[in-house]
Amino acid sequence: MSAQVSMKQPTPPPQTWRPIIVCFGDSLTAGYGTDPGQSYPDNLQKILDDSNFPDRVINEGVSGNTTKDGVDRLPHIIALHPQLVVVEFGGNDGLRGLPIDQTQKNMSTIVDELKASGAKVALAGITLPPDYGPDYIAKFNAMYPALAKQYKVPLLPFLLKDVYGAPGDMQDDATHATAQGNKQVAANVAGLIEPMLKH
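This note's numbering puts the first residue of the sequence shown at 991, with every later residue one more than the last.
Pasting the structure below:
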């Protein structure tokens, strides 16, 4: 009889699964030029933790990525089974002067495939330096609202809102946020996605 008692299985631990939020983008998401733990996704995790959201934030930013690279990485992102993906691409396409219609097509593919996988999607836009010319910049800037309207997803028009031009918030390259700036970027993104999350 004692042998049967010893075969009793221990009680399994409670499930610690947490919904996944993927921050999917380029160097602005990766935290280029800052120390580990100082990217905007790192700060977003702190904000969500402080607000008692259960979600786990995964940083899938890769410096230098174009929208084409984003399309190529889609299978990996979808395999993470995220409940929500914050999509931030386009800056490197613009800086390289790539055709905007191709950039928009790639962005459409990214949003479409993520939504088809069952993930919620939020868009974070970016703009370009003025020396790229008003016509190109205007078309580039219009891409994000057009995508948000087409796919009915929330949009943060400018990821670096209240960061760009703020003292101490931008690195010397005038492109990437500092560690301090990334705290505000995280606050911007948190305001975008919190209505999409469940406590």
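Each residue gets a CB set at the ideal place from its N, CA and C atoms; glycine is no exception. Computed from a predicted structure; not experimentally measured.
| query | result |
| --- | --- |
| As assigned by DSSP and simplified to three states, the class of LYS1110 | strand |
| Distance, ALA1109 Cα to GLU1103 Cα | 9 Å |
| Start-to-end residues for the alpha helix (DSSP H) that takes in ILE1037 | 1030-1040 |
| For VAL1175, the three-state DSSP class (helix, strand or coil) | helix |
| The stretch 1028-1038 contacting the stretch 1061-1069, beta-carbon criterion three pairs below 8 Å | no |
| Residue environment, GLU1078, which counts as buried when at least 16 other CB atoms sit within 10 Å | buried |
| Cβ contact (3+ pairs, closer than 8 Å) linking the stretch 1137-1145 and the stretch 1156-1171 | no |
| Exposed unless 16 or more other CB atoms sit within 10 angstroms - verdict on GLN1192 | Within the shown structure, residues of the chain are numbered from 991 to 1189, placing residue 1192 beyond reach of any answer. |
| Distance, THR1024 Cα to ASP1040 Cα | 23 Å |
| Per-residue burial, GLU1184 [other beta carbons within 10 Å of its own, 16 or more giving buried] | exposed |
| LEU1182 vs VAL1076 beta-carbon contact at 9 Å | yes |
| Start-end ranges of the alpha helix (DSSP H) lying completely within the stretch 1108-1162, minimum 4 residues | 1124-1141 |
| DSSP state of GLN1055 mapped onto helix, strand, coil | Rather than Gln, the amino acid found at residue 1055 in this sequence is Asn. Here ASN1055 sits in coil by DSSP. |
| Outcome for LYS1188 when other beta-carbon atoms lying within 10 angstroms are tallied against a minimum of 16 | exposed |
| Backbone CA spacing between ASP1045 and LEU1118 [nearest angstrom] | 32 Å |
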